[in-house]
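Colleague: First, the structure itself, so that you have it in front of you.
Numbering (this note's numbering), first residue to last: -2 to 315.
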């Protein structure tokens, strides 16, 4: 946990950056990623600007980047994944979305990208007194249920070992009948986690079971809900059942963790790991993400197909 704790401490300093510092950092990251992508990734080497002309070798501002760089559509990623991989991929593995939209996509996730996800995963817990190594429960899908042949067998060995090493208890969100929920409550009480992390609806069902049985979990400091919208009644029920702060997280398999609610309840974008925009469409405000870390599979102005309730508001500081 030494490297993780050290880098998390360094990231704290970015929380007080001015807007000028953030913009300068993001522009530098965009240009660094773009320089690599246009030289090493076939899709970007042949890409034209929104006006049909050549894209600049370096963007002079974030506004120029937004105006000139075409959107990367989800369907394009699904159909042309091979063209979006760098010519010499960094070590990593293919990852696939769950397909909740009906059209799952695959990306190559390199190790640096996975490390950035880990950093953002833990930094959202820090304001609530949680440190790396504190016990955590995941009410989540089981990774070993995916894949075939030797990959499936390897996942069955690797995932439990990784969970133990990370002081993490993983409970299946695929089995949520009353008997399973009762067993989960007993396991969580015994494990005494500081964090509960899981799908919104799964955690809500667990909270309902706890309220019905009168059980409590006094070790919990924060419950993090992800992958699904959070309704007010769900937030209230979960907070009442667990006696802990409830925060929402926004992200995806392709983009990693993009934003999390802070102690005031406002959704905060992790601006040092991605550039986020919203674009008005007939459906609402579509979320557009440029991810800085995954050079092997660059996502520049990726149209997520996720819809925000309101357009993005850019604060004066980090």
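Built from N, CA and C at the ideal position, the CB exists for glycine as well.
Return the bridge partner residues of residue 269 from the DSSP annotation.
Modeller: The partner list for residue 269 (beta bridge, DSSP) is empty, contrary to what the question assumes.
Colleague: Figure out for me which residue from 26, 169 and 34 has the closest Cα to the Cα of residue 57.
Modeller: Measuring from the Cα of residue 57, the nearest candidate turns out to be 26.
Colleague: So, helix, strand or coil for residue 142, using DSSP?
Modeller: Low confidence applies here, because residue 142 scores a pLDDT of 48, under 50, leaving its location unreliable and the question unanswered by this model.
Colleague: Pair every Cβ in the region 224 to 231 with every Cβ in the region 159 to 167, then say whether three or more of these pairs are closer than 8 Å.
Modeller: no
Colleague: Please work out which residues of its chain come closer than 6 Å, Cβ to Cβ, to residue 142, disregarding the five sequence neighbours upstream and downstream, and give them in chain order.
Modeller: In this predicted model, residue 142 has a pLDDT of only 48, less than 50, meaning its place in the structure is not dependable; the value taken from the coordinates is given anyway. Spatial neighbours of residue 142 in its own chain (CB-CB distance under 6 Å, excluding positions within 5 residues in sequence) are not present.
Colleague: Since I believe residue 69 is in contact with residue 24 (beta carbons under 8 Å), could you give me their beta-carbon distance rounded to a whole number of angstroms?
Modeller: Their Cβ separation, rounded to whole angstroms, is 19 Å, which puts residue 24 and residue 69 out of contact at 8 Å.
Colleague: Can you list, in chain order, the residues of its chain whose CB lies under 6 Å from that of residue 94, leaving out five sequence neighbours each side?
Modeller: 101, 102 and 250
Colleague: So residue 243 and residue 255 are supposed to be a Cβ contact under 8 Å. How far apart are they, rounded?
Modeller: Not really, about 19 Å apart at Cβ, beyond 8 Å.
Colleague: Quick check: what's the CA-CA separation for residue 298 versus residue 245?
Modeller: 23 Å
Colleague: If you measure between the beta carbons of residue 234 and residue 191, is that distance less than 7 Å?
Modeller: No.
Colleague: How about residue 284 and residue 275: do their beta carbons lie closer than 7 Å?
Modeller: The Cβ atoms of residue 284 and residue 275 lie closer than 7 Å to each other.
Colleague: Rounded to a whole number of angstroms, what is the C-alpha to C-alpha distance between residue 168 and residue 7?
Modeller: 32 Å
Colleague: How is the beta strand (DSSP E) around residue 288 delimited, first residue to last?
Modeller: 282 to 288
Colleague: Using a Cβ distance threshold of 8 Å, determine whether the region 285 to 305 contacts the region 29 to 42, with at least three qualifying pairs required.
Modeller: yes
Colleague: From the DSSP output, in three-state form, read off residue 171 for me.
Modeller: coil
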